[in-house]
Amino acid sequence: MSMSDTSSRIADVYSQTLFELAVEQEAIEAVKDSMDAIDELLKSDESFMGFMTSPYFTSEQKLALAERIFAGRLDELTLNFLSAAIAHHRAEFLPNIIAEYGRLYRRHHKYLDVRVTVSQPMEWDAIEALKIAIIKLSSGGRITLETEVNPSIIGGVIIRCNDTVIDNSVKKRLRSAVETIMSGKSL
1 MSMSDTSSRI ADVYSQTLFE LAVEQEAIEA VKDSMDAIDE LLKSDESFMG
51 FMTSPYFTSE QKLALAERIF AGRLDELTLN FLSAAIAHHR AEFLPNIIAE
101 YGRLYRRHHK YLDVRVTVSQ PMEWDAIEAL KIAIIKLSSG GRITLETEVN
151 PSIIGGVIIR CNDTVIDNSV KKRLRSAVET IMSGKSL
């Protein structure tokens with residue numbers, strides 16, 4: 001098992017547990033706000049993560065710093081969760097845990113996470129038209145739309161929506177044509 005698999009499994013277990021507790025305690029929004037606050041700090045101050053993952057400091061020292069930084073900013077459940085993560089030497093997985101909690105939160109609120117890959121940057125109006133089309137197809141649900149430019153797909157589009165992938169790229173169509181020719185079938 002690779003390190004990324006281990007990291008992903010740990011993030012899944014911790015985020016799922018936190019989310020279930022948040023549902024049980026009716027604290028989904030408070031935990032989301034707290035996780036966003038932690039995420040903001042992790043992104044804005046690399047030294048915080050360095051301290052939290054350093055073997056030179058004890059769990060007690062790390063927890064004391066976290067409590068000082070987040071005093072009054074985190075709900076009780078998230079603070080307890082953060083304490084457990086630090087005590088069990090899981091602070092290095094916080095970015096993945098936060099991302100996974102966000103995914104669970106969005107799924108709970110019926111968001112569709114859509115990632116569109118195109119070969120060239122899309123104009124704003126094309127992005128909005130795509131967003132409207134996806135909303136109509138998804139029975140009016142809320143979506144988060146992220147675009148990615150990848151010239152290697154040559155043309156067309158790849159749409160990832162939660163666990164579904166629609167690959168209508170020129171690269172895929174060319175690959176399919178080559179495979180068909182190589183197998184001796186006609187186009």
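According to the working numbering, the sequence shown is numbered sequentially starting from 1.
C-beta atoms are modelled at their ideal positions from N, C-alpha and C, and glycine is treated no differently.
Since this is a predicted model, take the numbers as computed values, not measurements.
Collapsed DSSP secondary structure at residue i in the structure displayed
i	result
T78	helix
I38	helix
T58	coil
A71	coil
Among the options, the one whose alpha carbon lies nearest that of residue i
i	options	result
P151	L137, K171, C161	K171
I193	E24, D39, Q120, N96	Only positions 1 to 187 of the chain appear in the structure, and residue 193 is not among them; the question remains open.
A87	I69, Q61, E40, L77	Q61
L104	S139, A22, T6	A22
E92	N162, L42, A129, L74	L42
I158	M122, V116, S183, T180	V116
L77	E24, S54, K136, G50	E24
S15	L79, G102, S34	G102
R142	A129, W124, R106, E128	R106
K32	V149, E100, L174, I134	E100
E29	D12, H108, E46, C161	H108
A37	A11, A133, L79	L79
R68	M182, D167, F48, C161	F48
M35	T53, L74, W124	L74
Beta-carbon proximity list for residue i, same chain, < 6 Å, skipping 5 on both sides
i	result
L145	V114, K131
G155	S119, V170
L245	Residue 245 is absent from the structure shown; the chain starts at 1 and stops at 187.
S138	L112
D39	I98
T164	none
E148	T117
Opposing strand residues paired with residue i [DSSP bridges]
i	result
G156	S169
T53	Answer is none; T53 lacks a bridge partner.
T164	C161
beta-carbon residue i near the ligand NAP non-hydrogen atom, thresh 7 Å
i	result
V170	As for the ligand NAP, it is missing from this structure, which has no ligand bound.
Own chain, CB closer than 8 Å to residue i, minus 5 neighbours either side, in chain order
i	result
S59	I86, A87, H89
E20	none
7 Å Cβ shell around residue i - same chain, five flanking residues per side excluded
i	result
L18	V31, F81, Y101
S7	F93, N96
### Query
Where are the alpha helix (DSSP H) runs, 4 residues long or more, that stay fully inside the segment 8 to 32, in chain order?
Fully enclosed alpha helix (DSSP H) runs of 4 or longer: not present.
#### Entry: Length-filtered (4 minimum) alpha helix (DSSP H) runs lying within the segment 86 to 156
Listed in chain order, the complete alpha helix (DSSP H) runs (minimum 4 residues) inside the segment 86 to 156 are 94 to 108, 124 to 137.
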